[in-house]
Every structure is written in structure tokens, then in C-alpha cells.
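Asks: Sharing a structure below in C-alpha cells format, with a few things to ask.
Residue numbers (the numbering used here): 694 to 1083.
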């Protein structure tokens, strides 16, 4: 187990004993979920996926689909067309609130159900299958693998979705939905029923983190401008009526889903996702929130925390009587350790066996403790002798 994965494992085990909350009870298929499932994954700038816990367990994406379908709508229709149908203001209300903007009839934002249904209605297509082809292909590109719908969960969602149908009819009465209400709402039910793993969510999050470029596949999924717009809305609206406290405590754009998934985005650094079916009163996963809060505290993830660049240090290489020296400057964050290790491997491969490499970190303006721990353990696993000067 590499050092960063080991750190994730420690965080996971620290949170595992938490047993507050319960799976969503209003959708029969979700109510049957194993409440003890727990997983955590991180994807950095070089596309390496680190995951611990129930990493292969599949669950439905639910409301985490909302920012990604929004990204597709922005890409297909443009910002102005989307904003004519959906607002971008925090609602301060539950995700399923029946509440529209006075005068315009717009939903408050695309992260609540009314806004998500309106957004789904903007995806081109004359039938559910047409729209779902675009959605499945788009979200699969974000995830870096083919996704598919869990038909049992979809049937359960559709059978119990009268409140969402009511929202859709209300939107239709205000001219927000211009076509078939049934097509709009069934598209929404199906997009929420796509199966994902915690790894998928971390890759999707990382794709937003790196401006719409999937760091695992190298595919550009959406433009940087679209990714920026989506993250802006996630930052203020992604956690429903917990969004303000989330931004205070964790400080990252995020989105949760009632199946227990949660993803957060550290722009230009990494994407992170967690999964646990136990929900709080807001519909957010109790243990997933605890996982990301703990990661934030240990690794300095808050967007408004003072950072130089994106915590990837500048470096110079020189030969001395003591050996080859890699001098680091600037700031070293957890995401920057991958770059340092990659450079060290390139240096070490060009040196004779038994040569020593010195990493001089004394000129760093700032270094997160977790990054230094990760570097030390990485050095121990490398074939050449590595010394760290602090």
C-alpha cells in the first residue's frame, strides 16, 4: 500500500465506527442498502486512482448526476439558455422543496430537484432514450468507463416519484419545461439510476478539478469554462440546506446523493469521493461528510486557506560533492508529492546504482505535514538512497 493510500485507509478506519443516520427510506430499493458500506477514493493530476474500503461496490448516482447533466446542458445549450430556465442562487430549502422564483417561475438552482428536472429537459432529444444516450455517454466520459442504468432502482424511483412529477408539471405551467413533462421526469429518474462506484465518482470529480479534462483517460469532456461554471454552482448549492456549513467546514465544491455518495473538488489538485448509505436529516451521507471533513483538516483542502499556486513546488536539480540535489521551493501539498516523486524517479534512473539523491526542502515556504509523510514513505520504497533535508 503506497503512503497516500495508507493515509486514506487510516482516515477511513477512524470514521468507520460512526453509526448515526440510516439509508434513504422513501425509495424502496435504497432503503434496502447495507448501511455499513464505506469507501473513499482520491484522483490526482497524473490520473492515479487511490481507493480504500468497498471500492468495487456499485450504487446509484442519484443527485450526484445533477452537476454533470448541468455540464452537458451548458455545453449543448450555452450558459444564457440554461440561465433562462434555472437560477443559480442557494435555496436554503430541502432538495425536494416545491418552490420557484417569483415572477420567472425558475427553480432556485440546478442542484435541487426542480432545477435538475428543468436541466434534464434541456438535453437535446425528442424521447427519453434520445436524451439518455447523451447523458449516459457524457457521464461515462466523466467517469472514464461505460455506465449503465440500474433498471430496478429506476422502476422504484418512477413508482414513488409523484412529488417530482408535481414539480415537473409546475415547471411546465411556468413555461420552464416546454416539451413533454413525462419525458422530462422519466429522463431525470433514469439519470439518477446510473450505477457508479466510489472510484467513478472520484474520477468524475477530478475531471471537473482539471477543467473538464479527464486525468485518467486524457479525454476533454467539457470546456474549462463549463467546468468553472459547474464548480461555482456546486460551491454554493451542492449540499442543499447544509451548503453554507459545508463551505465553512470543508470549503470545497461538492455534491451529495441520497444513495450515500458524496464527491468534492479541489480545483487543479484532485477529486475526492466517499460513500456510505447512512444519511442525515438533509439527505447527505453522515460518514461521507465525516471522511471529507477529516481529510480537509489533515491535508489543508479548504479553498480559502492560504495557498501558493496549487501546492506543487518549483524545483531545481544540481550536482554536488554529496550527490545530486533536488531543491524544492514554493509550497508542497499532498497533490504535489506525485510530481516530486515522478521527478525523483527520472533522476534516479539516470544515476549509477548506489548513488544518493538529496531532496532539499528547506526553502519551501510551506509544506503540509501529510505531504512530507507521504514523501518519506515513498523515498523508503525507491531503489536509490534518498535523503530529505527539512
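Note that the Cβ used here is the ideal one computed from N, Cα and C, for glycine as well.
Assign residue 1015 to buried or exposed, taking buried as 16 or more other Cβ atoms, counted over all protein chains shown, within 10 Å of its Cβ.
Replies: exposed
Asks: Report the rounded CA-to-CA distance for residue 844 versus residue 858, giving the unit in angstroms.
Replies: 19 angstroms
Asks: Assign residue 727 to one of two classes, buried (16 or more other C-beta atoms within 10 Å of its C-beta) or exposed (fewer than that).
Replies: exposed
Asks: Give the C-beta separation of residue 800 and residue 781 to the nearest angstrom, bearing in mind that I take them to be a contact with Cβ-Cβ under 8 angstroms.
Replies: The Cβ separation is near 10 angstroms, so there is no contact.
Asks: CB residue 960 to CB residue 924, shorter than 8 angstroms?
Replies: yes
Asks: Measure how close the beta-carbons of residue 877 and residue 813 come, nearest whole angstrom, since I'm counting them as under 8 angstroms.
Replies: Yes, they are in contact, since the Cβ atoms of residue 877 and residue 813 sit about 6 angstroms apart, within 8 angstroms.
Asks: Bridge partners of residue 842, per DSSP?
Replies: 887
Asks: Report the CB separation of residue 1050 from residue 1079 in whole angstroms; it is logged as a contact under 8 angstroms.
Replies: 5 angstroms
Asks: Taking 8 angstroms as the cut-off, decide whether the C-beta atoms of residue 860 and residue 754 are in contact.
Replies: no
Asks: Taking DSSP as the reference, what is the three-state secondary structure of residue 747?
Replies: coil
Asks: What span of residues does the alpha helix (DSSP H) with residue 813 cover, start to end?
Replies: 806-813
Asks: Please return the same chain residues whose Cβ sits closer than 6 angstroms to the Cβ of residue 811, not counting the five positions on each side in sequence.
Replies: 778, 779, 800, 864, 869
Asks: Could you pull out every residue in the same chain whose Cβ sits closer than 6 angstroms to the Cβ of residue 745, ignoring the five residues on either side in sequence?
Replies: Around residue 745: 701, 702, 705, 733.
Asks: Does DSSP put residue 948 in a helix, a strand or coil?
Replies: strand
Asks: Roughly how many angstroms lie between the CA atoms of residue 855 and residue 945, to the nearest whole one?
Replies: 33 angstroms
Asks: If you draw a straight line from the alpha carbon of residue 1034 to that of residue 1071, how long is it in whole angstroms?
Replies: 7 angstroms
Asks: Out of 892, 890, 852, point me to the one whose CA is closest to residue 875's CA.
Replies: 852
Asks: For chain D, check one thing: does any of its Cβ atoms lie closer than 8 angstroms to the Cβ of residue 742?
Replies: Considering every chain present, this structure includes no chain D. It has just one protein chain.
Asks: Distance, Cα to Cα, residue 1083 vs residue 1064?
Replies: 13 angstroms
Asks: Excluding sequence positions up to five away, which residues of its chain have a Cβ less than 8 angstroms from the Cβ of residue 720?
Replies: 846, 849, 850, 853, 951
Asks: Would you say residue 917 and residue 931 are within 8 angstroms of each other, going by their C-beta atoms?
Replies: no
Asks: I'd like the span of the beta strand (DSSP E) that includes residue 1009, first residue to last.
Replies: Where residue 1009 is concerned, the enclosing beta strand (DSSP E) stretches over 1007-1013.
Asks: Verify whether the separation of the beta carbon atoms of residue 897 and residue 955 is less than 8 angstroms.
Replies: no
Asks: For the segment 975-992 against the segment 1006-1020, do three or more pairs of beta-carbon atoms, one drawn from each stretch, fall closer than 8 angstroms, so that the two count as touching?
Replies: no
Asks: Taking the alpha helix (DSSP H) that residue 1057 belongs to, which residues open and close that run?
Replies: Element bounds for residue 1057: not the alpha helix (DSSP H) but the beta strand (DSSP E), 1057-1060.
Asks: Grab the span of the alpha helix (DSSP H) containing residue 1051 for me, first residue to last.
Replies: Segment 1049-1053 is the beta strand (DSSP E) holding residue 1051; no alpha helix (DSSP H) there.
Asks: With which residues is residue 956 paired in a DSSP beta bridge?
Replies: 948, 966
Asks: On the DSSP letters alone, give me the boundaries of the beta strand (DSSP E) that residue 1018 sits inside.
Replies: 1016-1025
Asks: Roughly how many angstroms lie between the CA atoms of residue 717 and residue 796, to the nearest whole one?
Replies: 34 angstroms
Asks: Can you check which of these residues, 772, 710, 699, is closest to residue 919 by C-alpha distance?
Replies: 772
Asks: Just the Cα atoms here: how many angstroms apart are residue 761 and residue 902?
Replies: Approximately 13 angstroms between the Cα atoms of the pair.
Asks: Residue 936: buried (16+ other C-beta within 10 angstroms of its C-beta) or exposed?
Replies: buried
Asks: Tell me whether residue 829 sits in a helix, a strand or coil according to DSSP, three-state version.
Replies: helix
Asks: If you draw a straight line from the alpha carbon of residue 1053 to that of residue 740, how long is it in whole angstroms?
Replies: 26 angstroms
Asks: Output yes or no for whether 8 angstroms exceeds the beta carbon distance between residue 965 and residue 696.
Replies: no
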